[in-house]
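See structure below.
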Amino acid sequence: MKLLLKAFLIILVIGCSENRTNFETLQGDWQGQESGEIKSYLHVSGDSLLFNDFFYQKYRVYDDSIVVDLDNPYQSRITSKQVTQHVFYITKLTDSNFRFETVLEQRQRRVNDFKFDTVEFRFERFKPIRNEPKLVRIEFSSGECYYGGCPQRNLIVDSSGYYYYEPVENVDIDTTFESNTAHELFSEISLIVSSIPIVYIKSLDGITIHAQVLHSKLIFDNGDEVSIFTDHTNDLFPVFLKLEHSLDFVDDLSPTKKINFSIRDTLDNYPL
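Put into structure tokens, the structure is as follows:
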């Protein structure tokens, strides 16, 4: 009986332990496979993940589930109880493909009427399909949104590891920072950009939903420069998302003097 109980406890401990294999396989950048205008992006680095623009949070992998503890719990619109975790149920995970299901609160047709719904997200790993020319610098500015309150910031990151952050309005971090240790951040952005041909990037110029105008200038090692006005609903969404959360990815930040941003002046004059 004692041996049986001991065996059961061992199985229980193993069953509830963190899955290191899945933990390692999850690392890196993933792009959503959804059709239409819905874009999904997942970045996993160590024990933290960024999923779309909802959170950059700590996570744990238990068997085939990913548990994310929310830094900012919120109240459920259905149960009125506080939501402190999100649980993603892994249905497929390989080196190149990843699928998970999660339960979300979905708005129905009537205002303030919600229901629970199980949603599946499908991802594939970012793979460079065009390595030449190589990205050497990206300048980014986010402008106003027509309903107001959107975070606005100026950012620069380049191949030397240089990083510059300048707050404009509606941001949590309101100090100007710079760093020379953003090599990993730039490498990750370059990977995403290298998966999109430059000709196609140029075609992304234009506003779709007109919620928040973004101005991006991409500079390549052959001298090419691509400058576009756009919004979040295109294939550069993962780049914008990583830039907007970039303070989470850069070490050794120190205050600096503000840079005179010419693209900010252009963006401010863009008609909303």
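Here the sequence shown is numbered in the working numbering, starting from 568 and rising by one per residue.
We treat Cβ as the ideally placed atom computed from N, Cα and C, and that holds for glycine.
Here SER643 carries a coil assignment [DSSP, helix/strand/coil].
Here LYS809 carries a helix assignment [DSSP, helix/strand/coil]. Our two residues, VAL724 and ASP680, have alpha carbons roughly 43 Å apart in a direct line.
With 16 or more other CB atoms across the displayed protein chains lying within 10 angstroms of its CB, ARG831 is buried. In this structure VAL635 is buried. Its beta-carbon is surrounded by 16 or more other beta-carbon atoms within 10 angstroms.
Check the Cα spacing between SER794 and each of GLN649, VAL817 and ILE705: the tightest is with ILE705. Within the region 748–829, the runs of alpha helix (DSSP H) at least 4 residues long that lie entirely inside it are, in chain order, 750–761, 765–770 and 804–811. Secondary structure at ASN721: strand, using DSSP grouped into helix, strand and coil.
Contact between the region 702–716 and the region 771–791 is present: three or more C-beta pairs spanning the two stretches fall below 8 Å.
Here DSSP, grouped into helix, strand and coil, assigns THR742 to coil. Here ASP741 has PRO734 as same chain residues with Cβ atoms under 7 Å from its own Cβ, once five neighbours each way along the sequence are excluded. With the rule of 3 Cβ pairs closer than 8 Å, the region 757–766 does not count as touching the region 815–828. The region 605–613 and the region 798–812 touch, with no fewer than 3 CB-CB distances between them shorter than 8 Å.
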